[in-house]
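Read through the structure below, which is laid out as structure tokens, and then see the notes.
Residue numbers (the working numbering): 188 to 379.
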């Protein structure tokens with residue numbers, strides 16, 4: 188998606204350790220108009236799927252998922268990374284390792300929000316090693332629901348996550364795929 192790639196080139200910052208910082212428009216301060224354009228793109232890419240729910244993981248995916256859900260006219264469910272006193276009833280759980288936080292989280296979704304009748308589109312901001320998406324797929328499978336696809340804003344094409352998901356036969360639509368980054372020069376190379 189040209190508009191997203193241009194924004195990454197303009198405002199993205201490459202840091203050591205294959206970190207792409209896009210907090211000025213994607214995952215700290217959010218450009219909602221950009222999210223709307225992304226949502227319309229995913230709506231077109233998944234137009235033949237009977238999607239009735241969007242699933243993401245807290246926290247960075249929530250803003251994007253909400254705008255996408257508006258484009259699809261469906262609700263958003265987000266997996267929580269910590270139990271709280273607000274959660275009651277039975278839960279689906281999975282373990283997820285965070286690339287940026289370098290730790291493992293239990294992710295949790297109440298069983299009342301996922302059912303075998305659900306046709307789910309997973310939405311997230313980044314795809315690196317694929318741990319978050321695989322954890323969300325585990326939750327969907329535990330609920331007996333259907334994974335209709337995965338929409339990712341920025342995929343790190345040089346890491347294994349995209350390959351793992353595609354090898355499962357799941358439709359993965361990443362709007363920008365970064366093939367390489369150089370922290371010294373700030374150069375970002377995209378796959379087309």
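Ideal Cβ placement from N, Cα and C applies to all residues, glycine included. Fair warning: this is a prediction, and the values are worked out from it, not measured in the lab.
With DSSP run on the structure shown, which of helix, strand or coil describes residue 266? Look at residue 266 here: in three-state DSSP terms it is strand.
Considering only C-alpha positions, which residue in the set 244, 206 and 258 is nearest to residue 221? Comparing Cα-Cα distances from residue 221 to each of 244, 206 and 258, the minimum goes to 258.
Going by DSSP, what residues sit across from residue 306 in a beta bridge? Per DSSP, 333.
Taking the beta strand (DSSP E) that residue 363 falls in, what are its first and last residues? Note, residue 363: beta strand (DSSP E), 359-368.
First and last residue of the beta strand (DSSP E) that includes residue 290? Here the beta strand (DSSP E) through residue 290 covers 290-297.
How about residue 337 and residue 364: are their beta carbons less than 9 Å apart? It is not a contact, given that the beta carbons lie outside the stated cut-off.
From this set, 345, 240, 189 and 358, which residue's C-alpha is nearest residue 300's C-alpha? Looking at the Cα atoms, 240 is the closest of the given residues.
Assess contact between the region 318-332 and the region 276-285, defined as three or more Cβ pairs (one per stretch) separated by less than 8 Å. Is contact present? Verdict: yes, contact present.
What does a CB cutoff of less than 6 Å around residue 242 pick up in its chain, not counting 5 residues either side in sequence? Correct list, in chain order: 264, 307, 309 and 323.
Just how far apart, CA to CA, sit residue 312 and residue 262? Their backbone Cα atoms lie some 18 Å apart in a straight line.
Below 8 Å on the Cβ atoms is my guess for residue 367 versus residue 359; work out the distance and round it to an integer in Å. Between residue 359 and residue 367 the Cβ distance is about 20 Å, and since that is not below 8 Å, they are no contact.
From which residue to which residue does the beta strand (DSSP E) around residue 244 run? Per DSSP, residue 244 belongs to the beta strand (DSSP E) from 240-244.
Assuming contact is defined by CB atoms lying nearer than 9 Å, are residue 291 and residue 266 in contact in what I supplied? No, the Cβ-Cβ distance between residue 291 and residue 266 is not below 9 Å.
Does the Cβ-Cβ distance between residue 195 and residue 207 come in under 9 Å? Taking 9 Å as the cut-off, the Cβ atoms of residue 195 and residue 207 count as close.
If you count every other CB in all the chains shown that lies within 10 Å of the CB of residue 305, and 16 or more means buried, which is it? Residue environment: residue 305 is assigned as buried (16 or more neighbouring CB atoms within 10 Å of its CB, all protein chains considered).
Exposed unless 16 or more other CB atoms sit within 10 angstroms - verdict on residue 373: Under this definition residue 373 is an exposed residue.
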